[in-house]
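Under UniProt numbering, the residues of the sequence shown are numbered 1 to 277, in order.
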Amino acid sequence: MTRERTRAWIVGTIAILVSIVVFLVPFAFVLLQAAKSPSEASDLAFSWPKQFMFFQNLVDTLTSNDGVIGRAIINSAVLTIFSVLLMVIISAMAGYILARKRSKWGPVVNFFVLAGLIVPPAVVPTIWVLQGLKLFGTLPGMILVETTFGLSFCILLFRAFVGNIPRELDEAAVLDGAGPVRMFLRVVLPLLRPVIVTVIVVQAVFVFNDFAGPLYFLPGDQNVTVQLALYTFSGQNLSFYNLLFMAIFLITIPPLVAYIFFNRQIVAGMTSGAVKG
């Protein structure tokens, strides 16, 4: 027993050290460069700043290039919130139906859901569709694109989780006079909280950090997102590494905070449907 505990302690210590090296060290490097003067940051040295300019660099980053970083953060926040909201609503209902209802169309629907994870997105046809709907280059069009790309993953998570909810709850709700909509909203949906949190955090990080999607479907400076803004910012501020690293720091903070607060719910939601019982 002592040997097993010692082995577990050693493995845990190694895992913590690896996590520190892989995640915390790069984050600390970015934070240190963001607090330096332009001349110090250009050295790219892992050292404490001689002149602490964090807040000045923060103001300069948010106001440089006509405030593109601040505008990009707002656009990405709007894109993320509405995309994830649609994903949760649509995938929760679809996952519930696929897990509870048995029909001849079930295998066909499951095939297309899995195909959404395997088949790469078609860029040119998607652009044609958006242009036909007059949504190309707009945030509503990009919201629909992000929602569509994330639905397959979300539906699979909800379907697996609903499979672990006893059918007796549905039957009891029906006996109490609840209709399908009321049963889903009042009985099933509250039980889906772990997987809802998982979908929100995972998909929010994906949408917020998406680069290829806005590059193809959201051209223009007014609707620029954080990754496109960072790409443009890096090309225009190569001599000001302190501002570049400050921009990276600002873009990194929202996904990092979401993961810190919801990491347990993410694990619970990802593993809840792994074993059916």
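In this text, a Cβ means the ideal position worked out from N, Cα and C, and glycines have one as well.
Keep in mind the model is a prediction, meaning the values are calculated, not measured.
- For the pair Met246 and Leu117, the CB atoms are not nearer than the 8 Å cut-off.
- Within the region 107-186, the runs of alpha helix (DSSP H) that reach at least 4 residues and sit entirely inside it are, in chain order, 123-132, 139-162, 167-175, 180-183.
- With 16 or more other CB atoms across the displayed protein chains lying within 10 angstroms of its CB, Asp210 is buried.
- For Gln203, the CB contacts under 8 Å within the same chain, skipping 5 residues up- and downstream, are Ser83, Val84, Met87, Gly150, Phe153, Cys154 in chain order.
- For the beta strand (DSSP E) assignment, the region 55-85 encloses no uninterrupted run of at least 3 residues.
- Within the same chain, Phe208, Thr225, Val226 come within 7 Å of Ser76 by CB-CB distance, once the 5 residues on both sides are set aside.
- In the three-state reduction of the DSSP assignment, Trp9 falls in the helix class.
- The shortest CA-to-CA distance from Ile260 to any of Val205, Ile165, Met142 is the one to Val205.
- In this structure, Leu130 lies away from Leu79, with their beta-carbon atoms at least 8 Å apart.
- Beta-carbon to beta-carbon, Ile73 and Leu250 are separated by about 7 Å, close enough to satisfy the 8 Å threshold.
- Exposed is the label assigned to Pro125, since fewer than 16 other Cβ atoms lie within 10 Å of its Cβ.
- Per the C-alpha coordinates, the member of Ala258, Leu157, Arg3, Val257 positioned closest to Ile90 is Leu157.
- Residue environment analysis places Glu40 among the buried positions, since at least 16 neighbouring C-beta atoms fall within 10 angstroms of its C-beta.
- Here the region 134-148 does not lie against the region 184-202, with fewer than 3 beta-carbon pairs under 8 Å apart.
- A contact between stretches requires three or more CB pairs, one per stretch, nearer than 8 Å, and the region 183-200 meets this requirement with the region 166-174.
- Ile20: not part of any alpha helix (DSSP H); DSSP gives it neither H nor E.
- Cα atoms of Asn110 and Ile14: separation of roughly 41 Å, rounded to the nearest angstrom.
- By a beta-carbon distance limit of 8 Å, Ala34 contacts Asn242. Their separation comes to about 6 Å.
- Met53 carries a coil assignment under DSSP once its states are collapsed to helix, strand and coil.
- With fewer than 16 other beta carbons inside 10 angstroms of its own, Thr2 counts as exposed.
- Gly213 places its beta carbon less than 8 Å from that of Val145.
- With respect to the C-alpha of Phe112, the residue from Leu98, Arg102, Val123 having the closest C-alpha is Leu98.
- Counting along the chain, Phe206 sits inside the alpha helix (DSSP H) bounded by residues 193-208.
- Ser37 sits in coil when the DSSP states are folded into three classes, being neither helix nor strand.
- By the neighbour-count criterion, in which 16 or more other beta carbons inside 10 Å mark a residue as buried, Val162 falls on the buried side.
- A direct Cα-to-Cα measurement between Arg71 and Gln222 gives close to 8 Å.
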